[in-house]
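S.K.: In the numbering used here, the protein residues as written are 67 to 383.
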């Protein structure tokens, strides 16, 4: 008799669930199963989910703002030091509280800052942090972008003059020009990595390839120096070139991707461009071409080669 009643109760409960499937249907058309009619009437269906509040910088990896006030927040953990925060008015008009990482800071009212999403576990409700960092380090990305554009334009103009105007090519130019390019790009990558706009592994890869190329050039120069002239004075004498670096196609493509990555990374926070996938795509393209160009320089026989007397005399002229 007990088994018959339990089976009847199960059939009745299933019939009630199927009968009232439409008012209590789930988000994907899945029906809600209740144990019995009493539970169905007691709970009254699936409770609605509370809408979650969006972040003030939703849709942007970083955003600029102006400090309205410097605050001190007490963390929820006992015996913890107070956290320094700032009330920031963002470029989209919203106001939010951001915490400042590190020990000391010089932020005051009306200071321009750059913020990004970053929750502090012991601060309730604070989900944004200040990116601490003249120009890139202080959030002046527009000025840095203009400076980088001018440097790139003058570099292209200098190369065109050296190739097409007779008498304008020199040994000093063949050494200083690529060295200046390396210093410019290395500085840009290091500063953008410091403010968390470029990942650390990518910057390490780019710097490692450049440092390895410089050391390889030094070793080859020492190897092909005449035995009777080996001295620091002869080694540092740039009027007597011993080797030449011939950039490959993949190296030129890598240079293009590096410049594009730096420019796009600076342009995104400058104009608040909502395109989070383009910088990440350039990360992978830059990393792949950097690794490929490094392998090419390591195994190529023409990338780093010794100059013969005819080539050396033509460069000196």
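Beta carbons: idealized from backbone N, C-alpha and C, even for Gly.
Is residue 175 near residue 135, with beta carbons less than 9 Å apart?
M.R.: By 1-based counting over the chain shown, the position of residue 175 is 109. By 1-based counting over the chain shown, the position of residue 135 is 69. Cβ atoms of residue 175 and residue 135: closer than 9 Å.
S.K.: Quick one: grab the DSSP three-state call for residue 263.
M.R.: Taking the first residue of the chain shown as 1, we reach residue 263 at position 197. Reduced to three states, the DSSP call for residue 263 is coil.
S.K.: Assuming contact is defined by CB atoms lying nearer than 9 Å, are residue 194 and residue 147 in contact in what I supplied?
M.R.: As a working note, residue 194 is residue 128 in the chain shown. As a working note, residue 147 is residue 81 in the chain shown. No, the Cβ-Cβ distance between residue 194 and residue 147 is not below 9 Å.
S.K.: Are residue 210 and residue 347 touching if we call contact CB-CB under 9 Å?
M.R.: By one-based count along the chain shown, residue 210 stands at place 144. By one-based count along the chain shown, residue 347 stands at place 281. In this structure, residue 210 sits away from residue 347, with a CB-CB distance that is not shorter than 9 Å.
S.K.: Hey, quick one: how far does the beta strand (DSSP E) through residue 324 stretch, first residue to last?
M.R.: Residue 324 sits at position 258 when you count from the first residue of the chain shown. From DSSP, residue 324 is part of no beta strand (DSSP E) but of the alpha helix (DSSP H) over 315 to 337.
S.K.: By the three-class DSSP mapping on this structure, what secondary structure does residue 346 have?
M.R.: Counting from one through the chain shown, the residue named residue 346 turns up at place 280. Residue 346 falls in the helix class under three-state DSSP.
S.K.: Compute the distance between the beta-carbons of residue 344 and residue 330, then report whether it is under 9 Å.
M.R.: Taking the chain shown and counting its residues from 1, one reaches residue 344 at position 278. Taking the chain shown and counting its residues from 1, one reaches residue 330 at position 264. Cβ distance < 9 Å, so residue 344 and residue 330 count as in contact.
S.K.: Name, in chain order, the residues that DSSP records as bridge partners for residue 151.
M.R.: The residue you call residue 151 lines up with position 85 of the chain shown. Partner(s): 137, 165.
S.K.: Alpha carbon to alpha carbon, how far is residue 130 from residue 287? Give it in angstroms, no decimals.
M.R.: Position 221 of the chain shown holds residue 287. Position 64 of the chain shown holds residue 130. If you take the alpha carbons of residue 287 and residue 130, they lie about 48 Å apart.
S.K.: Say the cut is 8 Å; is the CB of residue 269 nearer than that to a heavy atom of the ligand ATP?
M.R.: The ligand ATP is absent from the structure shown, which contains no ligand whatsoever.
S.K.: Would you report the Cα separation of residue 353 and residue 277, rounded to the nearest angstrom?
M.R.: On the chain shown, residue 353 is found 287 positions in, with the first residue counted as 1. On the chain shown, residue 277 is found 211 positions in, with the first residue counted as 1. Going from the Cα of residue 353 to the Cα of residue 277 covers about 16 Å.
S.K.: Would you call the segment 312 to 323 and the segment 357 to 367 touching, i.e. three or more CB-CB distances under 8 Å?
M.R.: yes
S.K.: Helix, strand or coil: which one does DSSP assign to residue 173?
M.R.: Translated into positions along the chain shown, residue 173 becomes position 107. Residue 173: coil per DSSP, three-state reduction.
S.K.: Out of 342, 335, 185, point me to the one whose CA is closest to residue 158's CA.
M.R.: Reading the chain shown from its first residue, position 92 is the one you call residue 158. Nearest of 342, 335, 185 to residue 158, Cα basis: 335.
S.K.: So residue 269 packs on residue 281, CB below 8 Å; how close in whole Å?
M.R.: Position 203 of the chain shown, counting from 1, holds the residue named residue 269. Position 215 of the chain shown, counting from 1, holds the residue named residue 281. Not really, about 18 Å apart at Cβ, beyond 8 Å.
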